[in-house]
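Notes follow once the structure below has been shown.
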Amino acid sequence: EIGHGALAERSLEPVVPGENDFRYAIRISSEIMESNGSTSMASVCGGMLALMDAGVPVKGTVAGISIGLVTEHGEDRQLKRYELLTDIIGSEDHFGDMDFKLCGTDNGVTGYQLDLKLPGVSHKIMAEAIMRAKEARTKILEIMRGKIDKPRSELSKYAPRIETIKINPEKIGALIGPGGKTIKGIVAETGAEINIEDDGSVHIYATSGESMARAKEIIGGMTREIEIGQSYQGRVVSVKEFGAFVEVFPGRDGLVHISELADFRVNRTEDVAKIGDMIWVKCIGIDDKGRVKLSRKAALKERAEAETAQPAGAAPVGN
């Protein structure tokens, strides 16, 4: 069945998405338990349905059909008459003179194979066979689309996840961390496998949607830029006499000076912010060394103004 498998593979290959669009290795296993016809054409149709059911974003729908030929020759070996057969069964293949397998979409042919017991076949007969195959293929495609007309929008929950995200190449070092400590920590926490390329492409391989989502969240947070004027909810990670350090994104924090903790005088940082507290802060500046200046006072004022501007009955802005 190696030859039949090769025909089915080559017939489906033109509609399979490229590596940049679908980074999975694909294997189709077609087990024929019993047959009285073309197993390769059945494998093409079944394989096509399997690809769409699995959520592979194929470029089109492929179906296949086998066209047979029986001929009668005179004593002078000249062709007297012939008959084309559509979707030949075993006996027609055995006693017939041709097995012409042709696969394709609505737009054209993707693969074919011709087995002959004759010295040759005329252009006229082959043209008729191709048209016969097109008519049959169109009918088969209609039946297939009656079951599934396009690839499923989401992969099965049991399928591994593969995604690629782009980051600023200048952030690669921070993502990897000293001796690979940071990236190893992400892998340990999420269970995902992560590969980073020099151009900033980050390939994430995860066994579940939850693992993928968490890995993307961490990487996105570490590589996302903090913007001046934007407010963020962060966690207090360190408390000093002069203020508190708040982690805005994973691995990315800034200083809230004690004078920016509240709209009143704060004598001790711990009176307002303790380690582990979740607080809203606003970025009020970034110095030339990339150090982030945050303000809880400005964030609270902004949120109070937003609540005041809300219409009556609207849901309040979070704390």
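For the sequence shown, our numbering gives the first residue as 1, with consecutive numbering after it. C-beta atoms are modelled at their ideal positions from N, C-alpha and C, and glycine is treated no differently. This structure is a prediction, so every number in the text was calculated from the model and none was measured.
First through last residue of the alpha helix (DSSP H) which encompasses T39: The count along the sequence shown starts at 1 and reaches residue 39 at position 39. 39 to 53 is the extent of the alpha helix (DSSP H) around T39.
Bridge partners - Y158, DSSP secondary structure assignment: Within the sequence shown, residue 158 is the residue found at index 158, counting from 1. Per DSSP, none; premise fails for Y158.
Those residues which DSSP pairs with D115 across a bridge: For the purposes of this step, residue 115 is taken as the residue at position 115 of the sequence shown. D115 pairs with D99.
Residues near T110 by beta carbon distance below 6 Å, same chain, minus five either side: Residue numbering aside, residue 110 sits at position 110 when the sequence shown is read from its first letter. These residues qualify, in order along the chain: S11, P14, V62, C103, G104.
In DSSP terms, what V281 is bridged to: Here residue 281 is taken as the residue at index 281 of the sequence shown, counted from 1. DSSP, once it has assigned bridges, lists Y232 as partnering V281.
Identity of the residues DSSP links to K184 by a beta bridge: If you number the sequence shown from 1, residue 184 lands on position 184. Bridge partners of K184: none, in fact.
Own chain partners of R224 with C-beta closer than 8 Å, once the 5 adjacent residues on each side are dropped: Taking the first residue of the sequence shown as 1, we reach residue 224 at position 224. For R224, where only same-chain residues beyond five positions count, the Cβ hits under 8 Å are F249, R252.
Distance CB(V239)-CB(A273) smaller than 8 Å: On the sequence shown, position 239 is the one that residue 239 refers to. On the sequence shown, position 273 is the one that residue 273 refers to. Yes, they are a contact pair.
DSSP three-state assignment for I88, whether helix, strand or coil: As a position in the sequence shown, residue 88 is number 88, starting the count at 1. In this structure, I88 counts as coil in the three-state DSSP scheme.
For E247 and G234, believed in contact at Cβ under 8 Å, the rounded distance: By one-based count along the sequence shown, residue 234 stands at place 234. By one-based count along the sequence shown, residue 247 stands at place 247. Going by Cβ atoms, the distance from G234 to E247 rounds to 5 Å, so yes, they are a contact pair.
Cut-off 8 Å between Cβ atoms - residues of its own chain near I148, not counting five sequence neighbours on either side: Mapped onto the sequence shown, residue 148 falls at position 148. Closer than 8 Å at Cβ, skipping near neighbours: L49, M52, D53.
Coil, strand or helix - V256 by DSSP: Your numbering for residue 256 matches position 256 in the sequence shown. Residue state, collapsed to three classes: strand.
Segment limits, beta strand (DSSP E) that includes G74: As a first step, residue 74 must be located in the sequence shown, where it is residue number 74. First-last for G74: undefined, no H or E at that position.
Closest residue to G290 among S40, I226, R296 (Cα-Cα distance): Along the sequence shown, one-based indexing puts residue 290 at 290. Among S40, I226, R296, the Cα nearest to that of G290 is on I226.
Beta-bridge pairing of A206 - partner residues as DSSP gives them: Indexing the sequence shown from 1 puts residue 206 at position 206. Beta-bridge pairing links A206 to R161.
Distance between A129 and I28 (C-alpha atoms, nearest Å): The sequence position of residue 28 within the sequence shown is 28, counting from 1. The sequence position of residue 129 within the sequence shown is 129, counting from 1. Roughly 29 Å separates the two Cα atoms.
Cβ distance (whole Å) where P160 is taken to contact G55 below 8 Å: As a working mapping, residue 160 is identified with position 160 in the sequence shown. As a working mapping, residue 55 is identified with position 55 in the sequence shown. 12 Å between Cβ atoms; not a contact.
Spatial distance of G220 from A213 (CA atoms): For the purposes of this step, residue 220 is taken as residue 220 along the sequence shown, with counting starting at 1. For the purposes of this step, residue 213 is taken as residue 213 along the sequence shown, with counting starting at 1. In a straight line, the C-alpha of G220 is about 10 Å away from that of A213.
Enclosing beta strand (DSSP E) for G243 [first to last residue]: Within the sequence shown, numbered from 1, the residue matching residue 243 stands at position 243. Note, G243: beta strand (DSSP E), 243 to 249.
D93 beta carbon less than 8 Å from that of D87: By 1-based counting over the sequence shown, the position of residue 87 is 87. By 1-based counting over the sequence shown, the position of residue 93 is 93. Not closer than 8 Å, so no.
Alpha-carbon spacing of S40 relative to T71, whole angstroms: Reading the sequence shown from its first residue, position 40 is the one you call residue 40. Reading the sequence shown from its first residue, position 71 is the one you call residue 71. Taking the straight line joining both Cα atoms gives about 24 Å.
Residue from D288, Y232, V237 whose Cα sits closest to the Cα of K297: Taking the first residue of the sequence shown as position 1, residue 297 is located at position 297. The shortest Cα separation from K297 among D288, Y232, V237 belongs to Y232.
Rounded straight-line distance, which links the Cα of S153 to that of I258: Position 258 of the sequence shown, counted from the first residue, corresponds to residue 258. Position 153 of the sequence shown, counted from the first residue, corresponds to residue 153. Distance between the alpha carbons of I258 and S153: 51 Å.
Inter-residue Cα distance where the pair is I275 and V236: Indexing the sequence shown from 1 puts residue 275 at position 275. Indexing the sequence shown from 1 puts residue 236 at position 236. Taking the straight line joining both Cα atoms gives about 5 Å.
Straight-line gap, T138 to M131 (C-alpha atoms, nearest Å): Taking the sequence shown and counting its residues from 1, the one referred to as residue 138 is at position 138. Taking the sequence shown and counting its residues from 1, the one referred to as residue 131 is at position 131. Those two C-alpha atoms are separated by around 11 Å.
Pairwise C-alpha distance: E163 and K124: Along the sequence shown, one-based indexing puts residue 124 at 124. Along the sequence shown, one-based indexing puts residue 163 at 163. Roughly 50 Å between the two C-alpha positions.
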